[in-house]
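Undergrad: Those sequence lines, one after another, are chains A and B.
Numbering of the first sequence is given in this note's numbering, commencing with residue 11 and proceeding in unit increments.
Numbering of the second sequence is given in this note's numbering, commencing with residue 11 and proceeding in unit increments.
Glycine is no exception: its CB is placed at the ideal position from the N, C-alpha and C atoms.
There are 2 protein chains.
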Amino acid sequence: MTAPAAPPIVSASQAPITVGAVLFDGFELLDMFGPLEMFGMLEGRARILMLAQAPGPVRSHQGPACVADAALAGAPALDVLLVPGGMGTRRELSNAPFLAELVRQAGTARFVASVCTGSILLASAGLLDGRSATSNKRVFRMVASRWPAVHWVAEARWVEDGRFFTSSGVSAGMDMALGLIARLTDWDTSLEVANRAEYEWHQDKGWDPFARLNGLL
Amino acid sequence: MTAPAAPPIVSASQAPITVGAVLFDGFELLDMFGPLEMFGMLEGRARILMLAQAPGPVRSHQGPACVADAALAGAPALDVLLVPGGMGTRRELSNAPFLAELVRQAGTARFVASVCTGSILLASAGLLDGRSATSNKRVFRMVASRWPAVHWVAEARWVEDGRFFTSSGVSAGMDMALGLIARLTDWDTSLEVANRAEYEWHQDKGWDPFARLNGLL
Numbered sequence: 011m012t013a014p015a016a017p018p019i020v021s022a023s024q025a026p027i028t029v030g031a032v033l034f035d036g037f038e039l040l041d042m043f044g045p046l047e048m049f050g051m052l053e054g055r056a057r058i059l060m061l062a063q064a065p066g067p068v069r070s071h072q073g074p075a076c077v078a079d080a081a082l083a084g085a086p087a088l089d090v091l092l093v094p095g096g097m098g099t100r101r102e103l104s105n106a107p108f109l110a111e112l113v114r115q116a117g118t119a120r121f122v123a124s125v126c127t128g129s130i131l132l133a134s135a136g137l138l139d140g141r142s143a144t145s146n147k148r149v150f151r152m153v154a155s156r157w158p159a160v161h162w163v164a165e166a167r168w169v170e171d172g173r174f175f176t177s178s179g180v181s182a183g184m185d186m187a188l189g190l191i192a193r194l195t196d197w198d199t200s201l202e203v204a205n206r207a208e209y210e211w212h213q214d215k216g217w218d219p220f221a222r223l224n225g226l227l
Numbered sequence: 011m012t013a014p015a016a017p018p019i020v021s022a023s024q025a026p027i028t029v030g031a032v033l034f035d036g037f038e039l040l041d042m043f044g045p046l047e048m049f050g051m052l053e054g055r056a057r058i059l060m061l062a063q064a065p066g067p068v069r070s071h072q073g074p075a076c077v078a079d080a081a082l083a084g085a086p087a088l089d090v091l092l093v094p095g096g097m098g099t100r101r102e103l104s105n106a107p108f109l110a111e112l113v114r115q116a117g118t119a120r121f122v123a124s125v126c127t128g129s130i131l132l133a134s135a136g137l138l139d140g141r142s143a144t145s146n147k148r149v150f151r152m153v154a155s156r157w158p159a160v161h162w163v164a165e166a167r168w169v170e171d172g173r174f175f176t177s178s179g180v181s182a183g184m185d186m187a188l189g190l191i192a193r194l195t196d197w198d199t200s201l202e203v204a205n206r207a208e209y210e211w212h213q214d215k216g217w218d219p220f221a222r223l224n225g226l227l
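1) Within 10 angstroms of the Cβ of Pro94 of chain A, are there 16 or more other Cβ atoms? Answer buried if so, exposed if not.
2) For a quick check, are the C-beta atoms of Val163 of chain A and Ser142 of chain A less than 7 Å apart?
3) For Ser129 of chain A and Thr176 of chain A, what's the separation of their Cα atoms in angstroms?
4) Which of helix, strand or coil does DSSP assign to Asp185 of chain A?
5) I need the DSSP call for Pro107 of chain B, collapsed to helix, strand or coil.
6) Okay, do the segment 101 to 121 of chain A and the segment 53 to 60 of chain A touch, 3+ Cβ pairs below 8 Å being the bar?
7) Measuring alpha carbon to alpha carbon, tell me which of B:Asp35, B:Gly44, B:Phe37, B:Glu38 ends up nearest Leu39 of chain A.
8) Considering Cα atoms alone, identify which of B:Leu88, B:Gly50, B:Pro107, B:Ala166 is closest to Gln213 of chain B.
9) To the nearest angstrom, how far is the alpha carbon of Thr144 of chain B from that of Ser145 of chain A?
10) Taking 8 Å as the threshold, find out whether the segment 74 to 92 of chain B comes into contact with the segment 101 to 113 of chain A through three or more Cβ pairs.
11) Taking just the CA atoms, how far does Ala31 of chain A sit from Lys215 of chain A?
12) With a CB to CB cut of under 8 Å and the five nearest residues on each side skipped, what residues in its chain are close to Trp157 of chain A?
13) Closer than 8 Å by beta-carbon distance: list the chain A residues that pair up with Gln63 of chain B, in chain order.
14) Less than 8 Å between C-beta atoms, sequence neighbours within five positions excluded: which residues of the same chain meet that for His71 of chain A?
15) By DSSP's criteria, Gly44 of chain B is part of a beta bridge. Which residues make up the other side?
16) Could you spell out where the alpha helix (DSSP H) holding Pro219 of chain B opens and where it closes?
17) Have a look at B:Leu46, B:Leu33, B:Thr28 and flag the residue whose alpha-carbon is nearest the alpha-carbon of Gly183 of chain B.
18) Can you tell me whether Gly50 of chain B is buried or exposed? The criterion is at least 16 other CB atoms within 10 Å of its CB, across all chains shown.
19) Taking any Cβ of chain A, which residues in the segment 173 to 187 of chain B have a Cβ under 7 Å from it, in chain order?
20) Since Gly66 of chain B sits in a beta bridge, which residues does DSSP pair it with?
21) What are the boundary residues of the beta strand (DSSP E) that Gly30 of chain B is part of?
22) If the cut is a Cβ gap below 7 Å, which residues of chain B does Leu46 of chain A touch?
23) In whole angstroms, what is the alpha-carbon distance linking Leu1 of chain A and Ser155 of chain B?
24) If you follow the alpha helix (DSSP H) that Leu131 of chain B is part of, which residue opens it and which one closes it?
25) Looking at the secondary structure, which residues open and close the alpha helix (DSSP H) in which Val199 of chain B lies?
26) How would you list, in chain order, the residues of chain B whose beta-carbon sits under 7 Å from the beta-carbon of Gly216 of chain A?
27) List, in chain order, every chain A residue whose beta-carbon is nearer than 8 Å to that of Pro26 of chain B.
28) For a contact defined as C-beta to C-beta under 7 Å, what are the partners of Glu208 of chain A on chain B?
29) To the nearest angstrom, how far is it from the Cα of Arg193 of chain B to the Cα of Gly136 of chain A?
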């Protein structure tokens, strides 16, 4: 655990942090539950709402089903809107009512965060136009060519552009979540969360061996 | 990604790998879904069954509920019986019918794997007596004193004792799962899974900075 080069410490707030996590058929398990584990470690300081287009069970790409407790349309204003990726994103790209709900929620959320190919849902909804963002490294070239209005960053564990946080593939969501928790609380809180989860946090958001591994450098 | 010191490569089998994952109220999200992400990356080669004492939704300690598709009692023989930890383990320690089902499933499973305090469920069922095992590092001393018939290893990311795999806290389950996938397939397959998940696998099962951090060394 090394200290960050420039810790973006923001003064802590004891107000509860409401995280709205968006389920859809074919979501990727770790994209969703890696970040939610980190937010969950905040114990009483975070409240997690599982959302989907309609309440009820939603099956992941890997098989396990999880329960949406409420509809996106009925969710309150969120501190964090969390959008995972997964094979199911391909279907949702043409689901206009779903994307419209993402836009509406993103409009009121303090932070909007995507993991892996969750970024293509934000891009498809126009939310990333003119912003810097990243995505899964195996499909990076396809994504960058399909949504040219976004400034796609090839080598990044995660990218922050104002209130928009986007991470690289799957596991990168945990590192991004800790970066976002640092913004919502402070850097030491994120380190404590990582230690409790026995997680080796990649604190440098530029750390990304998978860009080279996938021929992007 | 460095090569392992002594790669325990086992010849690959193309037979499907059936993973039975055990839900109970108050399970820890990442204990469960970190390993299942890794098994899920095997695509057609792994089949994941979500099990619990009874079918239906089961709520995690962090809040999100997931669905048990079948009862433990009705599950087929498993290649991997996966037992997560979490605050909910404390209640299950005195749930005799649940522990009896774990013993029955463990008797026929090729491998039995626990994450974090999932090991105290195995220990409480007598499954770890005389075996080497590890557990969450924040509660390690309590665990070691309560179940003295187990050879608890303080400094380990995960421990393998025959067909029993036990990991340290929360995030360690992902590293253990990749170690177990290497045993079920081969080392290169686990590396490929880790790369697809953009996960920096701690391939050395002795890697454990959290033992020292929690004053165990």
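TA: The relevant details are as follows:
1) buried
2) yes
3) 6 Å
4) helix
5) helix
6) no
7) B:Gly44
8) B:Ala166
9) 35 Å
10) no
11) 22 Å
12) Ile130, Ala133, Ser134, Leu138
13) By Cβ distance, chain A contributes nothing, its closest Cβ being about 17 Å from Gln63 of chain B, past 8 Å.
14) Gly36, Phe37, Glu38, Leu39, Gly96, Met97, Gly98
15) According to DSSP, Gly44 of chain B bridges with nothing at all.
16) 219 to 223
17) B:Leu46
18) buried
19) Ser178, Gly179, Val180, Ser181, Ala182
20) B:Ala78
21) 27 to 32
22) Leu39, Gln72, Pro74
23) The structure shown does not extend to residue 1 of chain A, since chain A spans only 11 to 227, so no value can be given for it.
24) 128 to 134
25) The amino acid occupying residue 199 of chain B in the given sequence is Thr; Val does not appear at that position. Here the alpha helix (DSSP H) through Thr199 of chain B covers 197 to 206.
26) Correct list: empty, because the minimum Cβ distance to chain B is about 14 Å.
27) Simply none; closest approach about 12 Å.
28) Lys147, Ser178, Gly179, Val180, Ser181, Ala182, Phe220
29) 45 Å
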